[in-house]
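Have a look at the structure below before the remarks.
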Amino acid sequence: MNTVAIIGGGFAGTLTAVNLIHHARNPLKIVLIETAENLGRGVAYSTVFPKHLLNVPAGRMSALPDEPLHFLKWARAQNMVVSESSYLSRKLYGQYIDSILQSTVINLPAFITFEKLTDEALSIQLIQDQTKAVIKLASGEVVVADKVVLATGNFCPQTPSGISQSIAASERYVNNPWQRADADYATTSGDALLIGTGLTMIDKVMELVHSGFKGNIYAVSRHGLIPRAHSKASLAAFAQTELNQELYGDLTLLFKAVKETIRSGSYAHLFDNSSTVKMDVADWRQVIDCLRPHSQALWASLSDKQKKRFLRHLRTYWDVHRHRMAPEIAEEINGLTETGRLKILSGRLYSVNETSEALIATIMPRGGGQPEQLKVALMINCSGYSPDFRRAKSVLAQSLLTRALVVPHPTGLGLSVRTDGAILDVTGKPSKVLFTLGPPTLGLRGETVAVPELRVQARELAKVLLQTGQTSEFSVLQIEESEFNYVKSPLS
Ligand SMILES: Cc1cc2nc3c(=O)[nH]c(=O)nc-3n(C[C@H](O)[C@H](O)[C@H](O)COP(=O)(O)OP(=O)(O)OC[C@H]3O[C@@H](n4cnc5c(N)ncnc54)[C@H](O)[C@@H]3O)c2cc1C
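The numbering used here applies: residue 3 is where the sequence shown begins, and numbers increase by one.
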């Protein structure tokens with residue numbers, strides 16, 4: 003029986019399992035390894051806070067690419083009054099993903115077995131001429147598989163510069179913004195400083211304000227830019243067509259064309275197809291969104307040097323326009339900034355000291371000027387999740403790097419991967435056993451974090467995994483170390 007082990011049961015891992023079950027025609031064993039009890043949540047959808055909304059409308063959040071309104075229909079079946087343009091809670095979305103898996107597993111064909119292991123994968127070793135993998139788990143259990151999918155998502159945020167070891171250990175400082183979901187902010191007296199001004203910052207502001215936190219909230223990032231809002235109006239869908247060829251491989255020209263399209267209101271700077279060009283740009287959001295079907299090809303056409311240039315100079319601007327807030331959240335954020343309750347600063351966190359009463363943060367303003375000092379009772383790292391394996395604190399990630407089973411992508415975004423998800427080794431050879439999708443493929447794809455991209459990847463990867471079935475006599479085993487001697491180097 004062919005055994006596929008999936009490490010990580012967030013959106014990507016869970017949907018890979020669902021697609022494997024949907025598409026399998028031959029005997030198959032699926033083992034899904036996830037540290038959390040629940041499946042389908044990961045970081046994004048494990049929040050229980052009702053004001054953590056999806057940043058994509060319900061009509062575009064189906065987990066199944068072949069059924070575009072699947073999520074909407076599911077939400078309606080839960081007696082919710084929702085339209086295609088509603089922004090629903092991420093908690094609900096986690097339940098939706100879990101329910102897809104549950105209903106798929108209940109109807110499992112006899113030739114498929116599915117097992118969920120609540121455990122942490124610590125290391126992988128390739129055996130039998132690199133045709134099988136042995137996964138060592140924290141419990142001591144071992145999984146042997148023909149194919150392994152790394153669906154490990156993003157890693158915990160890096161500690162920002164300016165935060166010393168002693169501050170990182172302070173009770174007033176939160177490095178992982180999702181760790182203290184049960185924190186009692188109502189009893190915290192004083193102000194808060196959030197490091198980072200992206201969507202994680204927006205989430206934390208909502209959480210603080212609606213949990214009874216009474217102080218002012220400061221948020222700082224180099225540029226002091228916050229995500230833009232989605233339009234309340236539904237914008238005309240864009241006909242998919244070919245981009246002007248000269249825009250591929252030329253970052254400068256592409257950037258100019260985007261700016262010019264927004265400024266002039268004419269798509270002619272991006273597309274030469276006459277029917278598209280005749281459409282007018284009603285809203286800048288349409289221009290950002292019309293690039294979405296082309297973003298992976300555009301990214302692939304850039305040299306590594308240009309990719310790094312984009313990451314250094316343009317990514318901040320791209321991100322705030324591309325990853326937008328739900329309109330109702332944007333209204334609240336605007337209200338908070340207008341009353342001065344939320345202050346967005348552009349600058350660099352230089353240092354933080356702690357007194358018996360508070361944390362004192364020193365911020366160097368962007369463009370120079372006097373450093374600003376803030377006295378705060380709470381500091382939360384909202385700098386965002388990291389796709390960088392090299393800096394990840396994950397035992398598995400470090401083990402994979404040490405064993406040279408994976409190679410970081412030259413941009414530092416995830417791993418070197420072939421377009422079908424096969425992980426490349428140091429010689430550039432695609433693995434027949436190790437595959438990945440989602441955030442670890444960021445260097446290859448440029449954009450790969452949102453559900454509309456991930457759901458397609460999960461379906462396509464499942465098909466690739468099923469193409470080459472191999473047999474394995476055993477899958478999940480409680481093997482004594484002595485039975486394991488044929489493995490050349492010991493598992494660490
Ligand atoms: C806060 C937030 C909000 C988002 N909101 C939206 C949105 O509204 N709309 C949208 O389209 N996209 C959104 N996204 C983007 C996207 O949907 C998520 O990033 C997506 O869920 C990624 O799925 P994933 O399965 O690859 O990773 P994750 O969800 O991070 O899941 C990875 C899983 O792997 C497990 N894991 C990791 N290592 C191991 C190991 N060694 N052993 C066992 N288990 C392991 C983790 O416990 C985790 O559950 C959001 C992302 C974030 C972070």
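Backbone N, C-alpha and C fix where the C-beta goes; we use that ideal spot for every residue, glycine too.
Since the structure is predicted, the reported quantities are computational estimates derived from the model, not experimental observations.
With 16 other CB atoms within 10 Å as the buried threshold, where does residue i fall?
{"i": "A7", "result": "buried"}
{"i": "D205", "result": "buried"}
{"i": "P510", "result": "Since the displayed the chain opens at 3 and closes at 494, residue 510 lies outside it and no answer follows."}
{"i": "E475", "result": "Low confidence applies here, because E475 scores a pLDDT of 36, under 50, leaving its location unreliable and the question unanswered by this model."}
{"i": "L293", "result": "buried"}
{"i": "Q288", "result": "buried"}
{"i": "L79", "result": "Rather than Leu, the amino acid found at residue 79 in this sequence is Ala. Exposed, since its Cβ has fewer than 16 Cβ neighbours within 10 Å."}
{"i": "A394", "result": "buried"}
{"i": "T390", "result": "Residue 390 is actually Asp in this sequence, not Thr. By the 10 Å Cβ count, D390 comes out buried."}
{"i": "L402", "result": "buried"}
{"i": "I228", "result": "buried"}
{"i": "P373", "result": "exposed"}
{"i": "H225", "result": "exposed"}
{"i": "R392", "result": "exposed"}
{"i": "E209", "result": "buried"}
{"i": "E483", "result": "For E483, the predicted model reports a pLDDT of 34, less than 50, meaning its position is unreliable; a value from the coordinates is still stated below. Flag for E483 reads exposed."}
{"i": "I108", "result": "exposed"}
{"i": "D186", "result": "exposed"}
{"i": "G10", "result": "buried"}
{"i": "V45", "result": "buried"}
{"i": "R314", "result": "exposed"}
{"i": "D369", "result": "It is worth fixing the name first, because residue 369 is Gly in this sequence and not Asp. Burial call: exposed."}
{"i": "L110", "result": "exposed"}
{"i": "S223", "result": "buried"}
{"i": "A259", "result": "buried"}
{"i": "H25", "result": "exposed"}
Based on DSSP bridge pairs, tell me the residues matched to residue i.
{"i": "A302", "result": "DSSP output for A302 lists no bridge partner at all."}
{"i": "G61", "result": "In the DSSP output, where bridge partners are listed per residue, G61 has none listed."}
{"i": "M327", "result": "A231"}
{"i": "Y175", "result": "M381"}
{"i": "R265", "result": "Note: R265 sits in no beta bridge, so no partner."}
{"i": "F437", "result": "V151, A424"}
{"i": "Q127", "result": "V136"}
{"i": "L361", "result": "E356, V378"}
{"i": "S348", "result": "S223"}
{"i": "V410", "result": "It is Pro, not Val, that sits at residue 410 in the sequence shown. DSSP lists L417 as partners of P410."}
{"i": "I32", "result": "V6, F116"}
{"i": "M208", "result": "The partner list for M208 (beta bridge, DSSP) is empty, contrary to what the question assumes."}
{"i": "S91", "result": "L55"}
{"i": "L195", "result": "Y220, M381"}
{"i": "F157", "result": "S388"}
{"i": "L245", "result": "F273"}
{"i": "M366", "result": "R350"}
{"i": "P432", "result": "L426"}
{"i": "V466", "result": "Beta-bridge pairing links V466 to no other residue."}
{"i": "V146", "result": "V136"}
Throw me the rounded Cβ distance for the residue i and residue j pair, which I believe falls under 8 Å.
{"i": "I35", "j": "A135", "result": "About 12 Å; that fails the 8 Å criterion."}
{"i": "T18", "j": "A153", "result": "6 Å"}
{"i": "A231", "j": "M327", "result": "5 Å"}
{"i": "L128", "j": "V466", "result": "Contact flag wrong, Cβ pair sits at about 18 Å."}
{"i": "Y98", "j": "L56", "result": "Going by Cβ atoms, the distance from Y98 to L56 rounds to 10 Å, so no, they are not a contact pair."}
{"i": "L237", "j": "D285", "result": "6 Å"}
{"i": "I365", "j": "Y352", "result": "6 Å"}
{"i": "T5", "j": "A147", "result": "4 Å"}
{"i": "V58", "j": "A452", "result": "6 Å"}
{"i": "A60", "j": "L41", "result": "Going by Cβ atoms, the distance from A60 to L41 rounds to 21 Å, so no, they are not a contact pair."}
Check whether the region 23 to 35 touches the region 107 to 126, taking contact to mean three or more Cβ pairs, one atom from each stretch, closer than 8 Å.
-> yes
Is there contact here, the region 446 to 458 with the region 299 to 312, by at least three beta-carbon pairs under 8 Å?
-> yes
How do the region 207 to 215 and the region 50 to 61 stand: do at least 3 beta-carbon pairs fall below 8 Å, yes or no?
-> yes
Are the region 163 to 180 and the region 11 to 21 touching by the rule of at least three beta carbon pairs closer than 8 Å?
-> no
Sufficient close CB pairs (3 or more, under 8 Å) joining the region 245 to 257 to the region 341 to 348 = no
If we count Cβ pairs, one from each stretch, closer than 8 Å, do we get three or more for the region 432 to 441 versus the region 145 to 152?
-> yes
Contact between the region 409 to 429 and the region 169 to 181: three or more CB pairs below 8 Å?
-> no
Stretch-stretch touch, CB-based, cutoff 8 Å, three pairs: the region 366 to 385 with the region 183 to 197 = yes
Contact the region 454 to 461 vs the region 53 to 67: 3+ CB pairs below 8 Å = yes
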